[in-house]
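A.B. asks: Okay, handing you the structure first.
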Amino acid sequence: MGVALTRSAQWMAAGCGTETLEITPLNEAILNEIIVFVESFIYKHPQEAKFVFVEPLEWKTSLDPSAFESGYVVSETTVRSEEADKNGEPLLFLSVPQIKIRSFGQLSHFLYIARDTKLKEAQACLEANRDPVVKILGSDYSTKKGEDSSALNILDKITKDDDPESEFKMSLATLIQQLDLHLLNHSLKHISLEIHLNPSTVKNDIELLKRFSGKGEHTVLESIEYTSDYEFSNGCRAPPWRQMHGEVCYVTVKPHDADKLCVTCSTEGVFLNGGKAEDKGEINYERKSEIYQDLVTFLKDKSATFSENMAKQENKFNEEKQKEEKEPEEAPPKEGAAAIGKAVAGSGKNTLEKNQYTLGKNQIGKRLEPSLNWKTNVGYKDNRSSLKDTQEDKYGSRFEKPRSPVSYGRGQKSPLKDTQEEKHGSKLEKKRLSVSYGRTPALRKGPDKIEDIVSESSSESEEDEEPPDHRQEANADLPSEYWQIQKLVKYLKGGNQTATVIALCSMKDFNLAQDTCQLAIRDVGGLEVLINLLDTDEVKCKIGSLKILKEISHNPQIRRNIVDLGGLPILVKILDSSNKHLKCLAAETIANVAKFRRARRAVRQHGGITKLVALLDCAQNSTEPPQPSLYETRDVEVARCGALALWSCSKSYANKEAIRLAGGIPLLARLLKTSHQNMLIPVVGTLQECASEASYRAAIKAERIIENLVKNLNSENEQLQEHCAMAIYQCAEDEETRDLVRLHGGLKPLASLLNNTDNKERLAAVTGAIWKCSISRENVTKFREYKAIETLLELLTDQPEEVLVNVVGALGECCQEHENRVIVRKCGGIQPLVNLLVGINQALLVNVTKAVGACAVEPESMMIIDRLDGVRLLWSLLKNPHPDVKASAAWALCPCIENAKDAGEMVRSFVGGLELVVNLLKSDNKEVLASICAAITNIAKDQENLAVITDHGVVPLLSKLANTNNDKLRRHLAEAISHCCMWGRNKVAFGEHKAVAPLVRYLKSNDTNVHRATAQALYQLSEEADNCITMHENGAVKLLLDMVGSPDQDLQEAAAGCISNIRRLALATEKARYT
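Residue numbers for the sequence shown, in my numbering: 14 to 1088.
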């Protein structure tokens, strides 16, 4: 860990002599690997996890004391662990905000508590403890001394150590060394993928730019020159100590419209450095700009003249570049050969050519190595470069995260000179990839706040990942429409108002649904013109522009470009217009554009949500004379477009909240009563998206929206049916809503829609609604009347997973009733359910295990499940990494074990099955623990199995769980302890492991089930004298006396039996005292 942090992690200066970890993909990868190692440490190495560090790891944490639960003593500002060292010092101590941790066990617990912030906490810990190995094992293990850290050296140190815990220290040192090797290998793999440029590519670009440079106004640059005339055998011109940082060479560039720039070309990209000092001739290597993908991209961003002139000569430049790539340098050009001839002998020349050729072929994908073999291309000059001080190298700029700025639109438009040039595509700018293969995508620049980014809803799916940008190749075969659109864009740019309107009308006549036409407008700078037209005062121009933007914004790339060009604020502004046609078009365009996170966020940040909600109430706010009806044609269209835009925007949580605060729910409820289907679809779609939030579900009930959703289930429009069913699915989490669906007659249309299986999206929504409605037993009875269960069983095969998850979920709820379990068995539904146990979809596995477990309650069904090997499949799911699947599988095993014909033998037949169950008691998930305890309760009914799990250490693991406040876990834990007391000296063992006192506290719970299970466990434990004493000392007698009067007979008997055992012990003790 120490070596990897020193050699691989990327640090930067943070002032006052401190260093911080940079936010880079490599650092994040290292931190995640360390987190995985620490999290699993307590389970993989339980003995080493107890080792107390020589010094505590100390840092400032953002965790609040309230996050700590059992196992910790918590106050308002401090937390101390109950686990302590031999001197009584806690192994974890938090005094807000400073935290000290002294064992891997506590580190593992801390990361579990930190949950979503564990990456941030790990970073803070490592920044505050630069050499954590020293604090863990002592100063002899420092990784900063340059000593050998091999296994033999570690062993030598340990053997010389008189510490009685030296064996654990040796084991721990070995584990840390293994982690170090793993992190170093992981880093090397990560770094090997980051090479982007190589010396051959850089040299070709510079030589080409030299050919296009000079004093003329049409040249791209005034000059471009290397800062050093020396070239190493690997093609680099940077000094060896800078080659270690991946730097290739340095050039000075003089653009026509800017001061001279000093540029660093490195394997990671191109960036502006600190410049070359005139007096000393030394370069300030510190990075002063972002990292660009290549030299041309860098210069386009820094010089408008370069960008403009390069656009005119781009084709020629690219042709030259392709020619260079196809024909490797077999001999240098005449001028270069002459220069080389003056400085290098003939043999040296041949060696140079050979080296350059080999470099061109083999450099890509190979890590650059510094070379000390000097050679010259021009002539020998004094090299006045000297080694920079250690501080500069230490804080060099090679670790900055690369960014590849991409310019859109405005930097790409160029005037069209004649038709011949248009036909050959000479003015098209060729696409340059903004991110190279194998590299982490660049972070987008922008003022977006972190809270805005993280506020996006998990329901977002459609285009949350923005698509890559694709440009038409200049030499591609393009249809005639492409060139015609180019001409129209030319008229849009330079024509008067009449010419502009005519050009817009002509452009609208093209098939704008075709990608070619859409991208043609974008590629020649038409998007900027269309967006600029929205800022004019001419209504006709605005309408024409919006009509085109509305059509072409269906293209994902166009959407992104509209946002990048600042189109959304202008569209939002148009929503205030008094012209209803403009409002409609602007809202529809927003609906198309707001398909990805950044666009939705932009709409909200510019006040678009409030304005869109206002469109739903368009008629009342209009300054025109009142219409005879709200649903007058134009008003309906305005409201429909507003709803359409809100539907797109409602995929983010922050926007849902903004819609609610703007008063959108009552307006949507009112629009839901209309008969216009075109209006209903976006309205229901918006409600469906928003219903994922509890505040919306409450408002939907309050506004009586469920009734209208149920009514529209009977519509003939399949899309409307789908969205209504999906809205019911979202809302039916609430019991009152489920009752409303039944009272308004919504269950019958849902059941009838199951018969139409062609439309899979609608089928998924309908089955989802049936699943959630089936949670109520009254609804299950209705579904049985409508023969819905038989139809659901038919859908268990040949359906997509989205449908299967809902179908199985509904069957799982229906099978809670005996009559429905019989229907499933008689209709042959058990086999397809068991077949689904081999899937990998987590949601499907959770539902299918619940359904199989429900069926296993019937002995006849259990026989079928056993015959189909269903129990083995359920047991194998206990190995699933997802805790919900584990828990559901364990719950399903309980009725299987309880109702199997020879349960004990069946359980023993699973090799390693009992050990797996016992080991799951080490889980951190409360649901997994409760379900495993329930399974152990059933397993322990067989004496042989009880003996096996006792040997596997079930008693100490159950005892360790006793300090819990979760009533569900308490109940099943108490039952498991009660049944495990039936073997050997387990009663004594539970007392020795301090499980009795926490059990007594369970009697103070408000749950009767917990009381019953606890009383039964205490009754079994009270047969051991020491346990009786512990119960009496913890006040069990008084609590049990109250429960003797309980109406629950089992609780009565257990409480009375326990009191009887305690009383007998007291009498026996008293008798012994007097005799």
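Built from N, CA and C at the ideal position, the CB exists for glycine as well.
Whole angstroms is fine: what's the gap from L933's alpha carbon to I945's?
C.D. replies: Residue 933 sits at position 920 when you count from the first residue of the sequence shown. Residue 945 sits at position 932 when you count from the first residue of the sequence shown. Approximately 7 Å, taken between the alpha carbons.
A.B. asks: What residues in its chain sit with their C-beta under 7 Å from that of R647, if we drop five residues either side in the sequence?
C.D. replies: Locating residue 647 in the sequence shown gives position 634, where the first residue counts as 1. Only K593 meet the Cβ criterion.
A.B. asks: I'd like to check one pair, R710 with S665: are the Cβ atoms closer than 8 Å?
C.D. replies: The residue labelled residue 665 in the question sits at position 652 within the sequence shown. The residue labelled residue 710 in the question sits at position 697 within the sequence shown. For S665 and R710, no; Cβs fall outside 8 Å.
A.B. asks: Let me confirm a value: K228 is counted as buried when at least 16 other C-beta atoms fall within 10 Å, else exposed. Which label applies?
C.D. replies: Position 215 of the sequence shown holds residue 228. The residue is exposed, with fewer than 16 neighbouring Cβ atoms inside 10 Å.
A.B. asks: Is the beta carbon of C909 closer than 8 Å to that of L927?
C.D. replies: Along the sequence shown, read from residue 1 onward, the residue named residue 927 stands at position 914. Along the sequence shown, read from residue 1 onward, the residue named residue 909 stands at position 896. Contact flag unset, no.
A.B. asks: May I have the straight-line CA-CA distance separating R93 from N893, to the nearest angstrom?
C.D. replies: Indexing the sequence shown from 1 puts residue 93 at position 80. Indexing the sequence shown from 1 puts residue 893 at position 880. Roughly 34 Å separates the two Cα atoms.
A.B. asks: Between the alpha carbons of V49 and V606, how many angstroms are there, rounded?
C.D. replies: Numbered from its first residue, the sequence shown carries residue 49 at position 36. Numbered from its first residue, the sequence shown carries residue 606 at position 593. When rounded, the distance between both Cα atoms is 40 Å.
A.B. asks: Classify T240 as helix, strand or coil using the three-state DSSP reduction.
C.D. replies: On the sequence shown, position 227 is the one that residue 240 refers to. T240: coil per DSSP, three-state reduction.
A.B. asks: Kindly give me the distance between the Cβ atoms of N1047 and A1010, rounded to whole angstroms, as I take these residues to be in contact under 8 Å.
C.D. replies: In the sequence shown, residue 1047 corresponds to position 1034, counting from 1. In the sequence shown, residue 1010 corresponds to position 997, counting from 1. Their Cβ separation, rounded to whole angstroms, is 5 Å, which keeps N1047 and A1010 in contact under 8 Å.
A.B. asks: Quick one: grab the DSSP three-state call for K289.
C.D. replies: Numbered from its first residue, the sequence shown carries residue 289 at position 276. Reduced to three states, the DSSP call for K289 is strand.
A.B. asks: Can you have a look at S241 and say buried or exposed, based on whether 16 or more other CB atoms are within 10 angstroms of its CB?
C.D. replies: Your numbering for residue 241 matches position 228 in the sequence shown. The residue in question, S241, is buried, as its Cβ has 16 or more Cβ neighbours within 10 Å.
A.B. asks: Roughly how many whole angstroms lie between the Cα atoms of V1050 and M1044?
C.D. replies: As a first step, residue 1050 is located in the sequence shown; it is residue number 1037 there, counting from the start. As a first step, residue 1044 is located in the sequence shown; it is residue number 1031 there, counting from the start. V1050 and M1044: Cα-Cα distance of roughly 7 Å.
A.B. asks: Among D955, S279, R1076 and M323, which one has its Cα closest to the Cα of Q306?
C.D. replies: For the purposes of this step, residue 306 is taken as residue 293 along the sequence shown, with counting starting at 1. Nearest C-alpha to Q306: S279.
A.B. asks: Note the first and the last residue of the continuous alpha helix (DSSP H) segment covering C994.
C.D. replies: Counting from 1 along the sequence shown, the entry for residue 994 is found at position 981. Element bounds for C994: n/a, residue is neither H nor E.
A.B. asks: Per DSSP, which one or two residues make a beta bridge with Q111?
C.D. replies: On the sequence shown, residue 111 is found 98 positions in, with the first residue counted as 1. Paired residues: K73 and S108.
A.B. asks: Mind checking which residues open and close the beta strand (DSSP E) that includes K267?
C.D. replies: Taking the first residue of the sequence shown as 1, we reach residue 267 at position 254. Unbroken beta strand (DSSP E) run through K267: E260 to K267.
A.B. asks: Beta carbon of C662, beta carbon of A704: below 8 Å?
C.D. replies: One-based indexing of the sequence shown puts residue 662 at position 649. One-based indexing of the sequence shown puts residue 704 at position 691. In this structure, A704 does not lie closer than 8 Å to C662 by Cβ.
A.B. asks: If we call anything under 8 Å between Cβ atoms a contact, is L210 one with L222?
C.D. replies: Mapped onto the sequence shown, residue 210 falls at position 197. Mapped onto the sequence shown, residue 222 falls at position 209. No, Cβ-Cβ distance for L210 and L222 is not below 8 Å.
A.B. asks: Which of helix, strand or coil does DSSP assign to V67?
C.D. replies: Locating residue 67 in the sequence shown gives position 54, where the first residue counts as 1. In this structure, V67 counts as coil in the three-state DSSP scheme.
A.B. asks: Nearest by alpha-carbon distance to Q732: which of E749, I718, E702 and G698 is it?
C.D. replies: On the sequence shown, residue 732 is found 719 positions in, with the first residue counted as 1. Answer by Cα proximity: G698.
A.B. asks: Under the DSSP definition of a beta bridge, which residues are partnered with Y305?
C.D. replies: The sequence position of residue 305 within the sequence shown is 292, counting from 1. Answer is V283.
A.B. asks: Distance, Cα to Cα, F225 vs T511?
C.D. replies: Against the sequence shown, residue 225 aligns to sequence position 212. Against the sequence shown, residue 511 aligns to sequence position 498. Going from the Cα of F225 to the Cα of T511 covers about 41 Å.
A.B. asks: Less than 8 Å between the C-beta atoms of E815 and A782, yes or no?
C.D. replies: By 1-based counting over the sequence shown, the position of residue 815 is 802. By 1-based counting over the sequence shown, the position of residue 782 is 769. Not closer than 8 Å, so no.
A.B. asks: Could you give the distance in angstroms between the alpha-carbon of S213 and the alpha-carbon of L132?
C.D. replies: The residue you call residue 213 lines up with position 200 of the sequence shown. The residue you call residue 132 lines up with position 119 of the sequence shown. For S213 and L132, the distance between alpha carbons rounds to 39 Å.
A.B. asks: Decide if the region 1019-1027 is in contact with the region 987-1000; the criterion is three or more beta carbon pairs, one per stretch, under 8 Å apart.
C.D. replies: Enough Cβ pairs lie closer than 8 Å, so yes.
A.B. asks: Quick one: grab the DSSP three-state call for L1053.
C.D. replies: In the sequence shown, counting from the first residue as 1, residue 1053 sits at position 1040. In the structure shown, L1053 sits in a helix (DSSP, three-state: H, G or I).
A.B. asks: In this structure, what does DSSP give as the bridge partners for R613?
C.D. replies: As a working mapping, residue 613 is identified with position 600 in the sequence shown. Looking at the DSSP assignment, R613 forms no beta bridge with any residue, so it has no partner.
A.B. asks: When the Cα atoms are used, what is the spatial distance from A1069 to Y1032?
C.D. replies: In the sequence shown, counting from the first residue as 1, residue 1069 sits at position 1056. In the sequence shown, counting from the first residue as 1, residue 1032 sits at position 1019. Answer to the nearest angstrom: the Cα atoms are 8 Å apart.
A.B. asks: By the DSSP assignment, the beta strand (DSSP E) with R93 in it spans what residues?
C.D. replies: The sequence position of residue 93 within the sequence shown is 80, counting from 1. Counting along the chain, the beta strand (DSSP E) containing R93 begins and ends at T91 to S94.
A.B. asks: State the Cα-Cα distance for the pair H895 and A516, rounded to the nearest angstrom.
C.D. replies: Position 882 of the sequence shown holds residue 895. Position 503 of the sequence shown holds residue 516. Cα-Cα distance, rounded: 59 Å.
A.B. asks: Please report the residue range of the alpha helix (DSSP H) in which V1001 lies.
C.D. replies: The residue you call residue 1001 lines up with position 988 of the sequence shown. Segment N999 to E1005, the alpha helix (DSSP H) holding V1001.
A.B. asks: By a C-beta neighbour count over all protein chains shown, 10 Å radius and 16 as the cutoff for buried, is E230 buried or exposed?
C.D. replies: Against the sequence shown, residue 230 aligns to sequence position 217. That one is exposed.
A.B. asks: Specify the secondary structure class of A675 as computed by DSSP and reduced to three states.
C.D. replies: Reading the sequence shown from its first residue, position 662 is the one you call residue 675. Of the three classes helix, strand and coil, the one that applies to A675 here is coil, per DSSP.
A.B. asks: Return the chain-ordered list of same chain residues with a C-beta closer than 8 Å to the C-beta of E873, the five sequence neighbours on each side being excluded.
C.D. replies: The residue given as residue 873 occupies position 860 in the sequence shown. These residues qualify, in order along the chain: R838.
A.B. asks: Taking 8 Å as the threshold, find out whether the region 558-568 comes into contact with the region 529-543 through three or more Cβ pairs.
C.D. replies: A contact exists between the region 558-568 and the region 529-543.
A.B. asks: Taking the CB atoms as reference points, tell me whether A1 and T950 lie closer together than 8 Å.
C.D. replies: Outside the shown range of the chain (14 to 1088) lies residue 1, about which nothing can therefore be said.
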